[in-house]
Amino acid sequence: MMMSENRYSDFTLQELMAVAAAAEIKDGEKVIIGTGLPLLGGLLAQRTHAPNMIAIYESGAIDCKPLVTPFSVADPVLVPGAAMQGGLIDGLGIVHAGDVDVGFLGGAQIDKYGNLNTHVIGDYYSPTVRLPGSGGSNDIGAGCKRTVIMMLHQKQRFPEKVDFVTTPGYFDGAGQREKMGFPGDGPSVVVSTLGILRFHVKTKEMYLESYHPGVTIEQIKLNTGWDLKMAADVKETVRPTPEVIRILREELDPTGIFLGKN
Amino acid sequence: MMMSENRYSDFTLQELMAVAAAAEIKDGEKVIIGTGLPLLGGLLAQRTHAPNMIAIYESGAIDCKPLVTPFSVADPVLVPGAAMQGGLIDGLGIVHAGDVDVGFLGGAQIDKYGNLNTHVIGDYYSPTVRLPGSGGSNDIGAGCKRTVIMMLHQKQRFPEKVDFVTTPGYFDGAGQREKMGFPGDGPSVVVSTLGILRFHVKTKEMYLESYHPGVTIEQIKLNTGWDLKMAADVKETVRPTPEVIRILREELDPTGIFLGKN
Amino acid sequence: MKIEKVMSAKEAVSKFIDDGMNIAIGSFFHTIAYNITHEIIRQEKKHLTICAPSFNEHADQLIGAGCVDRIVSSYVWMEVFGSLNCFRRAMEKGVPNKIEMEDYTNFAMAARFLAGSLGIPYMPVHSMKGSDMMKYSSWMGENKVRMMKDPFGSGVEHALVPALKPDVGFVHAQRADEEGNVQMWGILGDAPYSVRACQKVIVSVEEIVSRDVIGRDPNRTVLPGYKVVAVVEDPFGSHPKNCQGYYNADRDFIFKYIQESRTEEGWKKFMDEWVYGVSNRADYLKKYIDTFGMKKFQSLKAKDMSSSSVNYGY
Amino acid sequence: MKIEKVMSAKEAVSKFIDDGMNIAIGSFFHTIAYNITHEIIRQEKKHLTICAPSFNEHADQLIGAGCVDRIVSSYVWMEVFGSLNCFRRAMEKGVPNKIEMEDYTNFAMAARFLAGSLGIPYMPVHSMKGSDMMKYSSWMGENKVRMMKDPFGSGVEHALVPALKPDVGFVHAQRADEEGNVQMWGILGDAPYSVRACQKVIVSVEEIVSRDVIGRDPNRTVLPGYKVVAVVEDPFGSHPKNCQGYYNADRDFIFKYIQESRTEEGWKKFMDEWVYGVSNRADYLKKYIDTFGMKKFQSLKAKDMSSSSVNYGY
Numbered sequence: 015m016m017m018s019e020n021r022y023s024d025f026t027l028q029e030l031m032a033v034a035a036a037a038e039i040k041d042g043e044k045v046i047i048g049t050g051l052p053l054l055g056g057l058l059a060q061r062t063h064a065p066n067m068i069a070i071y072e073s074g075a076i077d078c079k080p081l082v083t084p085f086s087v088a089d090p091v092l093v094p095g096a097a098m099q100g101g102l103i104d105g106l107g108i109v110h111a112g113d114v115d116v117g118f119l120g121g122a123q124i125d126k127y128g129n130l131n132t133h134v135i136g137d138y139y140s141p142t143v144r145l146p147g148s149g150g151s152n153d154i155g156a157g158c159k160r161t162v163i164m165m166l167h168q169k170q171r172f173p174e175k176v177d178f179v180t181t182p183g184y185f186d187g188a189g190q191r192e193k194m195g196f197p198g199d200g201p202s203v204v205v206s207t208l209g210i211l212r213f214h215v216k217t218k219e220m221y222l223e224s225y226h227p228g229v230t231i232e233q234i235k236l237n238t239g240w241d242l243k244m245a246a247d248v249k250e251t252v253r254p255t256p257e258v259i260r261i262l263r264e265e266l267d268p269t270g271i272f273l274g275k276n
Numbered sequence: 015m016m017m018s019e020n021r022y023s024d025f026t027l028q029e030l031m032a033v034a035a036a037a038e039i040k041d042g043e044k045v046i047i048g049t050g051l052p053l054l055g056g057l058l059a060q061r062t063h064a065p066n067m068i069a070i071y072e073s074g075a076i077d078c079k080p081l082v083t084p085f086s087v088a089d090p091v092l093v094p095g096a097a098m099q100g101g102l103i104d105g106l107g108i109v110h111a112g113d114v115d116v117g118f119l120g121g122a123q124i125d126k127y128g129n130l131n132t133h134v135i136g137d138y139y140s141p142t143v144r145l146p147g148s149g150g151s152n153d154i155g156a157g158c159k160r161t162v163i164m165m166l167h168q169k170q171r172f173p174e175k176v177d178f179v180t181t182p183g184y185f186d187g188a189g190q191r192e193k194m195g196f197p198g199d200g201p202s203v204v205v206s207t208l209g210i211l212r213f214h215v216k217t218k219e220m221y222l223e224s225y226h227p228g229v230t231i232e233q234i235k236l237n238t239g240w241d242l243k244m245a246a247d248v249k250e251t252v253r254p255t256p257e258v259i260r261i262l263r264e265e266l267d268p269t270g271i272f273l274g275k276n
Numbered sequence: 125m126k127i128e129k130v131m132s133a134k135e136a137v138s139k140f141i142d143d144g145m146n147i148a149i150g151s152f153f154h155t156i157a158y159n160i161t162h163e164i165i166r167q168e169k170k171h172l173t174i175c176a177p178s179f180n181e182h183a184d185q186l187i188g189a190g191c192v193d194r195i196v197s198s199y200v201w202m203e204v205f206g207s208l209n210c211f212r213r214a215m216e217k218g219v220p221n222k223i224e225m226e227d228y229t230n231f232a233m234a235a236r237f238l239a240g241s242l243g244i245p246y247m248p249v250h251s252m253k254g255s256d257m258m259k260y261s262s263w264m265g266e267n268k269v270r271m272m273k274d275p276f277g278s279g280v281e282h283a284l285v286p287a288l289k290p291d292v293g294f295v296h297a298q299r300a301d302e303e304g305n306v307q308m309w310g311i312l313g314d315a316p317y318s319v320r321a322c323q324k325v326i327v328s329v330e331e332i333v334s335r336d337v338i339g340r341d342p343n344r345t346v347l348p349g350y351k352v353v354a355v356v357e358d359p360f361g362s363h364p365k366n367c368q369g370y371y372n373a374d375r376d377f378i379f380k381y382i383q384e385s386r387t388e389e390g391w392k393k394f395m396d397e398w399v400y401g402v403s404n405r406a407d408y409l410k411k412y413i414d415t416f417g418m419k420k421f422q423s424l425k426a427k428d429m430s431s432s433s434v435n436y437g438y
Numbered sequence: 125m126k127i128e129k130v131m132s133a134k135e136a137v138s139k140f141i142d143d144g145m146n147i148a149i150g151s152f153f154h155t156i157a158y159n160i161t162h163e164i165i166r167q168e169k170k171h172l173t174i175c176a177p178s179f180n181e182h183a184d185q186l187i188g189a190g191c192v193d194r195i196v197s198s199y200v201w202m203e204v205f206g207s208l209n210c211f212r213r214a215m216e217k218g219v220p221n222k223i224e225m226e227d228y229t230n231f232a233m234a235a236r237f238l239a240g241s242l243g244i245p246y247m248p249v250h251s252m253k254g255s256d257m258m259k260y261s262s263w264m265g266e267n268k269v270r271m272m273k274d275p276f277g278s279g280v281e282h283a284l285v286p287a288l289k290p291d292v293g294f295v296h297a298q299r300a301d302e303e304g305n306v307q308m309w310g311i312l313g314d315a316p317y318s319v320r321a322c323q324k325v326i327v328s329v330e331e332i333v334s335r336d337v338i339g340r341d342p343n344r345t346v347l348p349g350y351k352v353v354a355v356v357e358d359p360f361g362s363h364p365k366n367c368q369g370y371y372n373a374d375r376d377f378i379f380k381y382i383q384e385s386r387t388e389e390g391w392k393k394f395m396d397e398w399v400y401g402v403s404n405r406a407d408y409l410k411k412y413i414d415t416f417g418m419k420k421f422q423s424l425k426a427k428d429m430s431s432s433s434v435n436y437g438y
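Chains as they are written, first to last, in our numbering: chain S, 15 to 276; chain F, 15 to 276; chain X, 125 to 438; chain A, 125 to 438.
This is the structure in structure tokens:
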């Protein structure tokens, strides 16, 4: 995926995803971010179009401005300079209360309606693969005004139905979240390794909005476990600008821990 | 009530009451105390037989060792030297959880079964006298393992039934607290201005254990709104020793704010 | 995007407190924002519902001034100083207006705020059970408190108290930055949950400090700035109450208020002098010093009992 | 009356942790008491139920050692480092023994501890609703979580999660006094409510300080001493996790564990070396320095980023 003019005009898939994640955040929003790509997306948004974004960690760190990129949601680098430091009840309490605008999520499986599985592959009581469990994921999926989901796009990870619903998307379709009375409105976007997907405003079914540079629609369909619908104007994902790539590499991940060495 | 040999061999009614309050506390107990006489009782216990008493205030101050006698449950003198300082949820949370051994209470009215009224005299919606309300009183009455009640002993303050039940004693008698599932067991003693009263182990009805020096049983009966029963061995309240009176006057209330100038 | 939040008490009250609002007044016999309270009185706000576990003279002054229609609380009194006269006149005689009240306990109120701050709809508690607070309610009717049998089979019933989420809250604290990140120490009282439960918060502080000062000790922050709509810097803003590390309570002045407010005329005279007759907190302090002398004023100031420093390094 | 609480990890575990107990292990990816964890393994405690919102390698080591029958948690994994191998072997293959688990969410677990610490019987939450965590339970059956319609008439149903009150809890913190008054700063994780919810607490600290140090900054206290039965002073007690102000996480060592524990043999070798083969934390540290060098050890130590001091005077 090299299309270099200068050293920042190329980009990797991970960089593209971090940039796409950043684009989902509006200035001034309260955002609960984990580690890895969402974290880079959040930091990038803060350095570019969303300087007043408030970064929140479930560990109870609120409005963090770490000098070093944190490795964990409980990394001690989050604390100095934070506006407030409490514990889980503080960090997730404001999510549960509906105060947080955006939450980042991921998982081993996602289905047609954006439900996520981070519990088991196979049977709950005798799992083929036992996964971590919810952590704060279910809380974020229920409480944040909207969620941004980042996924490795493979067929077994995009089944029509997940093996276990850990974190609510739209359950079986429109109207079901409303019955639950969640503070949050549900998934807004899936940034996958192949494209960007959103949810139909009426049916809440996931559809393809754009395919990443170098990826074909056919490839995406083959890697999705149901008959994935397309946006009428499905197009290529917007390419990151060299300046944004420079910030990512040089300022946010100078050691290449998150993005890998280029 | 002077019976002086030296300057500490006499005592006032208030001093007697503070000493009686102190006697209710065992060493090592966790005690939630307010201001005024209960506070002096608590401090006295700590200086004498209960050095490991843990003094708790509903304002969230835990294990206080103030250098100056506090004037209010939120007095800033409580904070320096305290083992922990939080807020109401901390101070009363441990009461609600059943962690606190003794709670001190008072009120405008107390009835035969130890129920307290600090809400209204007269009708709730058109009160003759509107009183403060519960504050932490009801919480302490429900949560502390036992309560020590301090009362001005007058007929209108000792009615057979209180105008309003603010803080649970034993309601209408035995077995009723148990149904409520309260963490605490209810009133243990009433230290009044005329005598010391306890609750019958079976019926939970209040009875006279002892009359203060200079007070007659007849006087107590006249000042109680129901036919007050007596302990089989009803006797005079134990008189404070001069040493205890010295500690009260010289160490705990040197300016006489709580006990009045002697 | 950056919103200017630093303003005067006058501006804050005028912008964010409307007639008819449900208002939490934070703290517990200490760090009560008298500056904001007095401004509400001067601006003649009406039909307020005021909420706090425990209220002191600040509530009494709001009641006397006719600002209050409803009270949600567990205690309206002045501890050893005695009863609040305006409160009693209102409740007993409807003077200056009749007031409705929902009576809870301190813990029940704290639990209602805790629930409100966490988005928890109600809290099951032991408080209030069997008391006459269960029998009587005002405008909340059956939604004041409901009894429910423990669904987990203990056989016990609990009192369910609903989450409380006032429209706006105000509180006095030691310090905040310009974004409204508030730090408090000493007795927290109904904070942090009372203010966190509010939709919006006006915070009054002894000092506005830099974000850097806040960030050097973030565990002291009780309220993150995003809920704060106004930051008012008013030294001695909670006089006659105390503010740990800044000044002690002014018992003489509290006693003076209790004494003078025994009659409606006495109350009016006190208020004309100390509330209506001054335009802001600075003016009030000037008057205080003029009246009682600099020595008395200085005597209120806190001694130095500094905490040690801890290391936040990684 | 004064009870001697200061003791070694060995003594604390031997006195207060019995087979079959329900145990809370405090914190959240940081200040985990590895010293206590390793002592439990060396003393071969059995049939434990372990509770925490989120578990890392400490749980994995307890599971691998056969100490655990049941887990109550929302997360058992090592973030970006990947899966915990003993946990997966136990859940997928019953090696070394089958484990039952009750799956909650982080907030639901935090709410369960909060309820436990306040004597509140259960908490109504939005968490878990509609998820498969509602469908599946283990030994708790229907008492894992119950759905109930809001009695206040909102029309919404809530998930009720029961209070959690473990028999004993243990946690690592920066400091405590000899009475067990514990102070913590930085990320609090599941503290203070996790440990407050326990019947008894073993606290491990970097430093035992005087009561005077505690009393000079009582707002930093997360747990009052009366619940604490043992105070263990073990510097670097939470290595390889971090302790704010003392040392950072040792990522290389965490990664080493994750790598070596991929096979049962590898796990056993690691444990023989770092847990079974050492007798206490001092011994472990000596071995660490012998193995990785003083320079590496020093590199973990925290930089100085001191908080300022505040005045507590009156």
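Beta carbons: idealized from backbone N, C-alpha and C, even for Gly.
For clarity, every value in this text was computed on a predicted model and none was experimentally measured.
Query                                                                                                                                                                          : Result
If you draw a straight line from the alpha carbon of residue 318 of chain A to that of residue 175 of chain A, how long is it in whole angstroms?                              : 9 Å
Which residues does DSSP pair with residue 292 of chain X in a beta bridge?                                                                                                    : X/147, X/324
Put residue 15 of chain S into one of helix, strand or coil per three-state DSSP.                                                                                              : With a pLDDT of 43 at residue 15 of chain S, under the threshold of 50, the modelled position of this residue cannot be trusted, and the question is left open.
In whole angstroms, what is the alpha-carbon distance linking residue 304 of chain A and residue 321 of chain A?                                                               : 16 Å
Would you kindly check if the distance between the Cβ of residue 128 of chain S and the Cβ of residue 101 of chain S is under 7 Å?                                             : no
Are the beta-carbon atoms belonging to residue 148 of chain A and residue 361 of chain A less than 7 Å from one another?                                                       : no
Looking at the unbroken beta strand (DSSP E) that takes in residue 44 of chain S, where does it start and where does it end?                                                   : 44-46
Could you have a look at residue 232 of chain S and say whether DSSP puts it in helix, strand or coil?                                                                         : helix
Under DSSP, the alpha helix (DSSP H) around residue 54 of chain F begins and ends at which residues?                                                                           : 51-61
In terms of residues, what are the limits of the alpha helix (DSSP H) holding residue 14 of chain F?                                                                           : Outside the displayed range of chain F (15 to 276) lies residue 14 of chain F, so it cannot be described from this structure.
Which residues in chain X have a C-beta closer than 9 Å to the C-beta of residue 90 of chain S? List them in chain order.                                                      : 436, 437, 438
Please name the residue in S/56, S/43, S/156, S/168 whose C-alpha comes closest to that of residue 184 of chain S.                                                             : S/156
Less than 7 Å between the C-beta atoms of residue 197 of chain X and residue 179 of chain X, yes or no?                                                                        : yes
Using three-state DSSP, classify residue 313 of chain A as helix, strand or coil.                                                                                              : strand
What are the residues of the region 209-227 of chain F that lie near chain X, defined by any Cβ-Cβ distance shorter than 8 Å?                                                  : none
Applying the criterion that 16 or more other CB atoms from any shown protein chain within 10 Å of the CB defines a buried residue, is residue 31 of chain F buried or exposed? : buried
Given that a residue counts as buried once 16 or more other Cβ atoms are within 10 Å of its Cβ, and exposed if not, what is residue 86 of chain F?                             : buried
Counting contacts by CB-CB distance shorter than 7 Å, is residue 124 of chain S in contact with chain A?                                                                       : no
Would you verify that the beta carbon of residue 253 of chain A is, or is not, closer than 7 Å to some beta carbon of chain S?                                                 : yes
DSSP beta-bridge partners for residue 224 of chain F?                                                                                                                          : F/210, F/249
List the residues of chain S that residue 215 of chain A touches, going by C-beta distances under 7 Å, in chain order.                                                         : 141, 144
Over what stretch of residues does the beta strand (DSSP E) that includes residue 286 of chain A continue unbroken?                                                            : 281-286
Cβ closer than 8 Å: which chain F residues qualify as neighbours of residue 433 of chain X?                                                                                    : By Cβ distance, chain F contributes nothing, its closest Cβ being about 16 Å from residue 433 of chain X, past 8 Å.
What residue range does the beta strand (DSSP E) around residue 179 of chain X cover?                                                                                          : 172-179
Determine which residues of the region 145-172 of chain F have a Cβ less than 7 Å from any Cβ of chain X, and write them out in chain order.                                   : 146, 147, 148, 149, 150, 152, 153, 156, 157
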